[in-house]
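Working notes for the structure below.
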């Protein structure tokens, strides 16, 4: 007989069996909905009236911000100078900020103080609903509209709310539409301010250029010569953006061809001038490789051969740079024979009409 059999107090081999837990018994009781706590505006009509006046004031403030941004756009337009653009942008931005903040803060305050604050329980149900459930949903929506105050009472608040929302888009639409301007003459895209006899001037000084000042291999950033008064205007910025030219002098024997019509020449003793605006998306083409006579656009690497009518040799541009026909006047200054023979810059929807 073993030792364990002789020692009845040894319980190492005993197995305790407990009853199986009842799976039908809920382990967690539903705590239910806590007791509803009324807000001050629910119990005090004067507090509700104050909240309504606050929300109305915020919506009116939004309206004033919208009007202010439009007034700033009209009264303080960007004049082309750094300080002018900065001031105009600041005033319009402040107006937009007040307009948006007024709508946002008013909406939050309205929801927290005036809209319905009752607890609601919605049972989970299949996605497909019957007619009774849909009717209940419509009723709940209508009840929500009644609780929010959008329908029925609080007419002044509703007027301020809809007025702020209706006017705010004007703060964006008016500057956008106003920037387009009233002149819709698309044919102006086909022309620049270069005219017959206009002298070529160095950008940005505006000093006219003599042919004798241009040495082989030198590069000039060129604009039309104009008066000092006109150079201070905003219109000059627009015209300059279309008329800028890159002028290079090559050895005449390096010129393979140019865009001159038969019997004419648009260059002068190896000096050629081409539009500085890339025909891909309009970036400034200003990187010149003297040994290869290539012009490189830094944006997308379109490359043009100056010695061969500025034809495209690489990149996404699909046409060559327009050439400015040039010659010299009686004083030896370089002048334009005429405007570009084709529109400058990237192709647009009416370029070939």
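Numbering (full-length UniProt numbering), first residue to last: 1 to 353.
Think of the CB as a built atom: it goes at the ideal place given N, C-alpha and C, for glycine as much as any other residue.
query: Start-to-end residues for the alpha helix (DSSP H) that takes in residue 249; result: Note, residue 249: premise wrong, no alpha helix (DSSP H); beta strand (DSSP E) at 245 to 249.
query: Residue 51 and residue 127 closer than 8 Å at C-beta; result: no
query: Of the listed residues 132, 277, 140, nearest to residue 118 (C-alpha basis); result: 140
query: The segment 198 to 210 touching the segment 220 to 228, judged by at least three CB pairs closer than 8 Å; result: yes
query: Own chain, CB closer than 8 Å to residue 287, minus 5 neighbours either side, in chain order; result: 295, 296, 297, 298
query: Residue 208 Cβ short of 7 Å to the ligand FAD heavy atom set; result: The ligand FAD is not part of this structure, which contains no ligands at all.
query: Segment contact, 8 Å Cβ cut-off, at least three pairs: the segment 307 to 324 with the segment 247 to 257; result: yes
query: Unbroken alpha helix (DSSP H) run spanning residue 354, endpoints; result: As shown, the chain starts at 1 and ends at 353. That puts residue 354 outside it, with no answer to give.
query: Residues near residue 98 in its chain [Cβ-Cβ closer than 6 Å; skip 5 each side]; result: 65
query: Separation of residue 273 from residue 236, as counted between CA atoms; result: 20 Å
query: Reference residue 40; option with closest CA among 61, 156, 210, 112; result: 112
query: Among 47, 325, 33, the one whose alpha carbon lies nearest that of residue 197; result: 325
query: Proximity of residue 58 and residue 105 at Cβ, strictly below 8 Å; result: yes
query: Span separating the alpha-carbon of residue 69 from that of residue 103; result: 15 Å
query: Length at least 3, wholly inside the segment 257 to 317: the beta strand (DSSP E) runs in chain order; result: 271 to 275, 287 to 289, 294 to 296, 303 to 305, 311 to 314
query: Delimiting residues of the beta strand (DSSP E) encompassing residue 328; result: 326 to 328
query: Cβ-Cβ distance between residue 222 and residue 247 below 8 Å; result: yes
query: Beta-carbon spacing of residue 275, residue 340 below 8 Å; result: yes
query: 7 Å Cβ shell around residue 61 - same chain, five flanking residues per side excluded; result: 98, 102
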